Every structure is written in C-alpha cells, then in structure tokens.
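What follows is a single structure, written as structure tokens, with notes after it.
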Amino acid sequence: MKPGGPWWQFALAAGMLAIAADMARAQAGVPAEPAALYSEHCVACHGEQRLGGMGPALLPESLQRVKPAEAGAVIGKGRAATQMPGFADKLSAEQIAALSKWIYTPVTPAPTWNEAQIRASRTEVDGAAALPARPVWKADPMNVFLVVEGGDHHVSVVDGDRFEVIHRFASRFALHGGPKFSPDGRFVYFGSRDGWITKYDLWNGPWWPRCAPG
Ligand code: HEC
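Okay, so the sequence shown: first residue is 1 according to the working numbering, each after it adds one.
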C-alpha cells in the first residue's frame, strides 16, 4: 500500500491485520475465556452458576475430593458409562486445562441459597405418609445393612443373616459422609456431592418415598 493512499485502504489493511492476529491466536490454541467455554459446552448439564443440574455441581466445595488433574482427565475423556461426554475433540488441551482450573475458583457473585429456596426444592413421593410403618420384607430389621456403591451411584439393602440383596436402587450423585438412620431404622438419609439430601423409606422399598430438601 502506497503511503498517502485513500483513507479506506488504511482501514481495510488495519482490519485485515486484526483478522490475521485473531486467526494466529486461535491457531496457537490460546484458550478462550473459561466462563465462555462453560456457557457453550457445560452449562446445560452443570447448571447456571455451576450449581449442578443433570450433572453434579462444579464448585470448589463440591470438588474437594476430586484432584484438578482428574477433573481435567474427566473433561477430556468423559466418564465411561455416565452422561459426562469427553471434550478432547472439541476443546484444545489449553482450553481443557483452563476449564479444569476455573471450576476450582469461587462463583462470583456468590450464589444465594436461602431457607425459602431449600423448602421450595423439597419434593415428596405421593402417598408416602400413608405407607405402612413396618417392613414389607421378611429380614430382621436390626440386621439389615446398606452397601453404598460410590462408583456407579447405587445403594444395596442387604439382609445381614442371609447376605442377600433385598433391594438395589440408584442414589443421587456421589453420596458422602455415610448414611444416617432414623432411630427406628426405618428412614435413611444420604448427603450427596450434588448438594441434595435424600430420604429413603427402607421398610417400604421398592416404593421409595423420597424428599430432597436442598
Ligand atoms: C450431557 C451432560 C454433560 C455435559 C454437556 C457436561 N457434563 Fe460434566 N458431567 C456430567 C455428568 C452426568 C457427570 C457425573 C459423571 C459420574 O457419574 O461420575 C459429570 C461430571 C463432571 C466432572 C466430575 C465431577 C466430579 O465431582 O466428579 C467434571 C469435572 C465435569 N463433569 C466437567 C464438565 C465440563 C467442564 C463440561 C463442559 C466442557 C462438562 N462437564 C459438560 C454431565 C455433563
């Protein structure tokens, strides 16, 4: 371009330089903002403000037991036999690294979760209150125990005399802290890493009344 050419030649050249710079950046794999990547690829399952939905919450608190390297591997390869897809074909290694770092940072502004919202989130199976207050199965209620299968998010109710599984049911994502029982042994409460508390009626399986107060 000759110096002193018309103004639009300068403008055009400057525009083309900007496009070239953008392309160079994309090719070098410079990660886009992790927040933008999250909105595009993850929000549908992991929720607004990373509070979880179909997939678990992705917050520093909920990821305490997951090492960042493992989180990166999960984002790249997905988790076998779960709904978590791998993103290695859509995202660069840098983008995956940026995302796996970002999910360990607090959400700003901090999400609010108050008592009214907790109450509103509570659901209960219809007719739960009318279920009989005695076990529908034959085993000794004092010798029934639970096996929590962390890997595939299931719980088995086992007859401790015969070592037979009375029921096996899907739990919420990643139970932790150990199940807590009501004094009569009828109800069991589970905390799960996706932020729910679930109450099961052990005596009335398979009609599991379930309520999840936050
Ligand atoms: C189609 C739904 C879906 C999409 C889209 C999705 N995830 Fe997931 N993700 C899941 C599910 C379901 C799990 C739980 C898998 C299991 O049972 O272990 C999960 C698990 C994870 C975990 C492990 C969490 C833990 O506590 O063990 C991470 C980290 C993660 N996802 C990050 C992401 C990121 C980052 C994206 C976007 C790039 C994404 N996910 C997109 C459904 C999804």
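By construction, the Cβ of each residue, glycine as well, lies at the ideal position given by its N, Cα and C atoms.
Keep in mind the model is a prediction, meaning the values are calculated, not measured.
Residue i versus residue j - alpha carbon distance
i	j	result
L220	L202	Since the displayed the chain opens at 1 and closes at 214, residue 220 lies outside it and no answer follows.
S71	S100	Sequence inspection shows Ala at residue 71; the Ser mentioned does not correspond to that position. Whole-angstrom Cα-Cα distance: 6 Å.
S39	I75	15 Å
P49	A128	One point to set straight first is that residue 49 is Gln, not Pro, in the sequence displayed. Roughly 33 Å separates the two Cα atoms.
E115	P135	33 Å
F190	S121	16 Å
G55	V165	28 Å
A35	P132	50 Å
Q64	P106	12 Å
V125	T198	12 Å
D194	S62	7 Å
H41	W137	45 Å
T108	V66	21 Å
F92	Q83	Checking the sequence shown, residue 92 turns out to be Ser, not Phe. Using only the alpha carbons, I get a separation of about 21 Å.
K220	N204	No answer is possible for residue 220: it lies beyond the span of the chain, which begins at 1 and ends at 214.
P183	P60	34 Å
Same chain only: Cβ atoms within 7 Å of residue i, ignoring 5 sequence neighbours per side
i	result
G53	C45, H46, G47
A170	H153, H154
P111	Q49, L51
A159	In the sequence under discussion, the amino acid at residue 159 is Asp, which differs from the Ala named in the question. Only A139, V144, I166 meet the Cβ criterion.
V43	none
8 Å Cβ shell around residue i - same chain, five flanking residues per side excluded
i	result
P68	S100, K101, Y104
M142	G185
P85	G78
R168	H154, V155, S156, V157
Residues near residue i by beta carbon distance below 6 Å, same chain, minus five either side
i	result
V188	P179, F181, Y200, L202
L58	H46, R50, I103
A130	none
A88	G76
Nearest candidate by alpha-carbon position, reference residue i, set the options
i	options	result
A80	L131, G151, L59	G151
W196	T108, A98, W113	W113
R162	D140, V148, P183, S171	D140
S192	E149, F87, A98	E149
For residue i, three-class secondary structure by DSSP
i	result
G178	strand
A57	coil
V125	coil
S39	helix
K216	Limits of the chain in this structure are 1 at one end and 214 at the other, which puts residue 216 out of reach.
G205	coil
V74	helix
H153	coil
E164	strand
A170	strand
Should the region 151-165 be called in touch with the region 173-184, which here means at least 3 C-beta pairs below 8 Å?
When Cβ pairs closer than 8 Å are counted between the two stretches, the region 151-165 is seen to touch the region 173-184, the count reaching three or more.
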